[in-house]
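Please read the structure below before turning to the comments.
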Amino acid sequence: MIALGLGLAVPGCYQGLDGKDGGAAGDASAGGTAPTGGEAGESGEDDSAGNDGVGADFEPAQVRLRLLLARQYAHAIRDLLGEEAAVAADPPDDVAINGFESVAASQLALTDSKVDDYEASARAVAAAATTDKLASYHACVPTGAGDTACHREFAESFGRLAFRRSLTDDEATTYTAVAVAAANDLGDYDAGVRTVVATFLQSPNFLYQVEVGEETEHEGVRKLGGLEIATRLSFFLADTTPDAALLDLAEAGGLDDADGVRDAAWALLESPHARESLAAFTSEVYRLRELEIIPKDPAAFPEFSTSLAASMAQETLALVGHVAWEEDSDFRDIFDAPYTFVNTELATLYGLPNPEQYGDTLTQVTLPPEQLRGGIMGQAGLLSLLAHATTTSPTYRGKFVRQQLLCQSIPAPPNDVETTLPDPTEFHTARERLEQHMTDPTCAGCHKVMDPIGLGLENYDGIGRFRTEEPGGYAIDASSDLDGVPFAGAQQLGAALKDNADASHCLVRNLFRHGTGHIEVAGEMTAIADLDAAFEEEGYRVQALLVELAASPGFRMVGVPD
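Residues in the sequence shown are numbered from 3 upward in steps of one, following the numbering used here.
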């Protein structure tokens, strides 16, 4: 069983719309409401010598232990012990707090059942690891089952990569003793190695990102050490454990300043794992994983299937990946790109000619301009997700834009508010029903900032298919506006989002929350404002933002726990 005794902390729009211009607000989907502090655009940098970019008003959040996410655990097993062992890995499922699994990972304690799950997974992984992979960790040729020298060589070599740092002498002695005892009991050297591997994999030093930091001249601010940065950087950008080369670089002082971290970050972005990591972030922040479980009435939408839902998610990931990696261009293009990626299923849904030509592989296409599509809000995935089982939901769609794309807070309606829309036999279109609903002043406060956005997307039905009429033959009026910017359809909405400063601010905040495992606190707002400015200076390229975030004080510095 795991011993977890470590000395670090483990873990209203009815009055108006929150979260604008100060940028710290969000909801359970967009990232939670953070304390106010620091005006947007106000720099937190202090260029005086020795301050490492830390301004006097910079007060980072308290450091916490952060549990590896399930995918990070599996990827670490893959890189430590090979694909066969990774298949055997079975960590507990992740949960989210404030819309982020990484935030939950730094706040929730392990239950007894999850401790048991990690023990079972560790044993299965150790049993599945190939003998050749285990042998690669030492050159020693054992003279017997309990060869202490060989077991110690293995423990020190494997332990350094498992713990992301060299073992202390006491640790090396302890883990060697575990291996020797098991090997002698079972009469098999290899059994001792597998036993100690399972023991390493149950340690908090493997399961958590353990961060203590070093004292700085700023009271209450600690600077993460090179090995701690290597760990945080690798799990942030590649969703896996740092390799030996990155640990070597850290031990040589190569990650002790911002420029060194930038260089290492750019190198990590060359890895295919970086693409997978950004895709995982995209799936989380835009809720794409929910597509596989959303209910759709088969009578209303017989075309909808698990296969189509999976294609929808992949379409959005393909667009985001194309902008981020192939084009390495303005990331805001994901809001209004005039192209998308389709296979036969999606081409059929979009009414493209000869859809069979696309097969199962996603292919870049330009969609018919009369469908007013563009960017992620014109793709079937989000349009399906943000709809009811039988009909569209302008409210869901508008709420998503406010919360996920603009990081604005929309509280839940009061318990006594009537949420049922008027009878469609009297009010024939969604616009008529929602306008009638907003005559109730208790509803109007929130709905007036959500519904108009969604009404501008009414040309897309509950699975994202283009239409010009609602059931009954009633013409759709998709004219609307976003904060005073008129639009009709997804492409024009995307253009309005692209020019809305809150959208780029929101991306910065969401990446910060994802990368640091916490919701920004008041003392970090100036550091985030600096990231906003850097994002703009770099032409809104997300690769550059990832690098600048990693090099920022908000990523490399932590607060002292109480």
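Beta carbons are placed, not taken as given, at the ideal position from N, Cα and C, and that holds for glycine.
| query | result |
| --- | --- |
| Whole-angstrom distance between residue 511 and residue 532, CA atom to CA atom | 12 angstroms |
| Closest Cα partner of residue 355 within the set 328, 196, 275 and 370 | 370 |
| Sheet register partners of residue 365 (DSSP bridge) | 344 |
| Extent of the continuous beta strand (DSSP E) to which residue 224 belongs | 223-225 |
| Beta carbon of residue 227 nearer than 9 angstroms to that of residue 214 | yes |
| From 360, 502, 234 and 293, residue whose alpha carbon lies closest to that of residue 514 | 234 |
| Neighbourhood of residue 292 by C-beta, 7 angstroms cutoff - its chain only, sequence neighbours within 5 removed | 387 |
| Best match in 562, 251, 123 and 118 for proximity to residue 89 [C-alpha to C-alpha] | 123 |
| Residue range of the unbroken beta strand (DSSP E) whose run includes residue 487 | 487-490 |
| C-beta atoms of residue 61 and residue 380 nearer than 9 angstroms | no |
| Supposed close pair residue 455, residue 399 - CB separation, criterion 8 angstroms | 7 angstroms |
| Neighbourhood of residue 199 by C-beta distance below 6 angstroms, restricted to the same chain and skipping five residues each side | 128 |
| DSSP beta-bridge partners of residue 99 | 102 |
| Alpha-carbon to alpha-carbon, residue 209 and residue 178 | 20 angstroms |
| Beta strand (DSSP E) segment containing residue 482, residue limits | 481-484 |
| Length of the line joining the Cα atoms of residue 297 and residue 279 | 28 angstroms |
| Residue 351 and residue 467 closer than 9 angstroms at C-beta | yes |
| Neighbour-count burial assignment, residue 301, 16 or more Cβ in a 10 Å radius | exposed |
| DSSP-derived helix/strand/coil call for residue 178 | helix |
| Residue 498 vs residue 509 beta-carbon contact at 9 angstroms | no |
| Pairwise C-alpha distance: residue 557 and residue 551 | 7 angstroms |
| Element boundaries [beta strand (DSSP E), containing residue 84] | Element bounds for residue 84: n/a, residue is neither H nor E. |
| As assigned by DSSP and simplified to three states, the class of residue 167 | coil |
| First and last residue of the uninterrupted beta strand (DSSP E) at residue 560 | 559-561 |
| Residue environment, residue 565, which counts as buried when at least 16 other CB atoms sit within 10 Å | This structure cannot settle anything about residue 565, because the visible part of the chain is limited to 3 through 564. |
| Alpha carbon of residue 347 to alpha carbon of residue 530, nearest angstrom | 41 angstroms |
| Residue of 238, 270 and 549 minimising C-alpha distance to residue 105 | 238 |
| Beta-carbon proximity of residue 87 to residue 80, cut-off 9 angstroms | yes |
| Residue 460 burial status per 10 Å Cβ neighbour count (16 or more: buried) | buried |
| Between the CA atoms of residue 255 and residue 249 - distance to the nearest angstrom | 10 angstroms |
| Outcome for residue 308 when other beta-carbon atoms lying within 10 angstroms are tallied against a minimum of 16 | exposed |
| Per-residue DSSP class, three states only, for residue 190 | coil |
| Close Cβ partners of residue 155 (< 6 angstroms) along its chain, the five nearest in sequence each way excluded | 140 and 142 |
| Between the CA atoms of residue 158 and residue 171 - distance to the nearest angstrom | 9 angstroms |
| Through-space distance from residue 259 to residue 219, alpha-carbon basis | 15 angstroms |
| CB contact flag (residue 553, residue 196, <9 angstroms) | no |
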